[in-house]
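What follows is one structure encoded as structure tokens, with my remarks underneath.
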Amino acid sequence: MPKEGIGGLGIFLRVLFALILVYATYNPEGLSYYHWTIVPLKQATKFSFSAIHPLKFLAGVALLVGWIIFLQATQRSLGLKGVVLALALFGGLVWLLIYWDVFSPRGARAISHIVLLVLALVLATGMSWSHLSRRLTGQIDTDEVG
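One point on numbering: in this note's numbering, the residue at position 128 of the sequence shown is 128, and numbering is uninterrupted.
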């Protein structure tokens, strides 16, 4: 009989995949899909479809699929109120860590990393919430059909 729930490894993998998705899409270090594809298109004087490499197109589609999966799961499991509460929780945690001088964000780059981390944590929470909620309450989430 399979083990119920996702466990620590499952949550870790969801956080890891959310971080990969968020940081692959954009990050302040300049190593992202945005910097690889969008910035050169914005800098081009004349748009041409030949400027878009097939690999860039496929990478964009893969990122889009990842975003749809994560956003849909987050919306279904947390809803708007849950997302707002998760943002408040993680934002408050960041505030507390700054207040305790655990870290001190200086500049736009550091703040960008914090925002990206919080976004990834909210997405990972959305992916994990149904499993965690079932474990905590014994209730299961179902999708309405029809």
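Beta carbons are placed, not taken as given, at the ideal position from N, Cα and C, and that holds for glycine.
Own chain partners of residue i with C-beta closer than 8 angstroms, once the 5 adjacent residues on each side are dropped
{"i": "L21", "result": "L63, G66, W67, F70, A120 and L123"}
Spatial neighbours of residue i in its chain, beta-carbon cut-off 7 angstroms, leaving aside the 5 residues before and after
{"i": "L97", "result": "F103"}
{"i": "I114", "result": "V94 and P105"}
{"i": "A73", "result": "G126 and M127"}
8 angstroms contact criterion, which residue i and residue j should meet: CB distance rounded
{"i": "L116", "j": "Y33", "result": "So it is not a contact: roughly 13 angstroms between Cβ atoms."}
{"i": "L41", "j": "A51", "result": "7 angstroms"}
{"i": "T37", "j": "K56", "result": "5 angstroms"}
Alpha-carbon spacing of residue i relative to residue j, whole angstroms
{"i": "W129", "j": "R14", "result": "11 angstroms"}
{"i": "W100", "j": "G92", "result": "12 angstroms"}
{"i": "S48", "j": "L89", "result": "44 angstroms"}
{"i": "F12", "j": "V39", "result": "32 angstroms"}
{"i": "G60", "j": "E29", "result": "19 angstroms"}
{"i": "R109", "j": "L16", "result": "21 angstroms"}
{"i": "V118", "j": "I6", "result": "21 angstroms"}
{"i": "V84", "j": "Q75", "result": "11 angstroms"}
{"i": "I111", "j": "N27", "result": "11 angstroms"}
Residue environment, residue i, which counts as buried when at least 16 other CB atoms sit within 10 Å
{"i": "L158", "result": "The chain is shown only over 1 to 146; residue 158 falls outside these bounds and no answer can be derived."}
{"i": "T45", "result": "exposed"}
{"i": "T137", "result": "exposed"}
{"i": "H53", "result": "exposed"}
{"i": "A86", "result": "buried"}
Contacts around residue i, its chain only, beta-carbon distance under 6 angstroms, and the 5 residues preceding and following it disregarded
{"i": "A18", "result": "A120, L123 and A124"}
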